[in-house]
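Right, one structure below, let's go through it.
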Amino acid sequence: MTRRPTNNVPLSENFLDSLPERTVDTVGVSTAVSNDEPAESRLCKVCFENEFNTAFMPCGHVVACTRCASIVERCPMCNQRYTHVLRLHLP
1 MTRRPTNNVP LSENFLDSLP ERTVDTVGVS TAVSNDEPAE SRLCKVCFEN EFNTAFMPCG
61 HVVACTRCAS IVERCPMCNQ RYTHVLRLHL P
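Here is the structure:
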């Protein structure tokens, strides 16, 4: 990560630069998953406790809850290193 000199840089930019590179972005998503499907089909494939609500990028796999997505270093589905995680708001 390239750091810029802090002279005359607003505080908010300094704060943003100090955040870790892996962040969870929040987006609204329309999904084709039916509300009639059993809850097991939407369970996190890592902990099997919470519903999945994150997408690993760039692969796009949606298989983990926020907690597990923050712990793993690779997509649990394809084993690809992810660059960031999107938090999904599923119906």
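At position 91 of the sequence shown (counting the first as 1) the number is 91 in UniProt numbering, and the numbers step up by one without a gap. Think of the CB as a built atom: it goes at the ideal place given N, C-alpha and C, for glycine as much as any other residue.
Paired residues, beta bridge with residue i - DSSP
i, result
"residue 51", "43"
"residue 74", "81"
Residue i, DSSP secondary structure in three states
i, result
"residue 66", "helix"
When the options are compared against residue i, the one with the closest alpha-carbon
i, options, result
"residue 89", "41, 58, 62 and 57", "62"
"residue 50", "82, 65 and 60", "65"
"residue 67", "41, 85 and 40", "85"
"residue 83", "40, 41, 42 and 58", "58"
Neighbour-count burial assignment, residue i, 16 or more Cβ in a 10 Å radius
i, result
"residue 75", "buried"
"residue 56", "buried"
"residue 47", "exposed"
"residue 53", "buried"
"residue 44", "buried"
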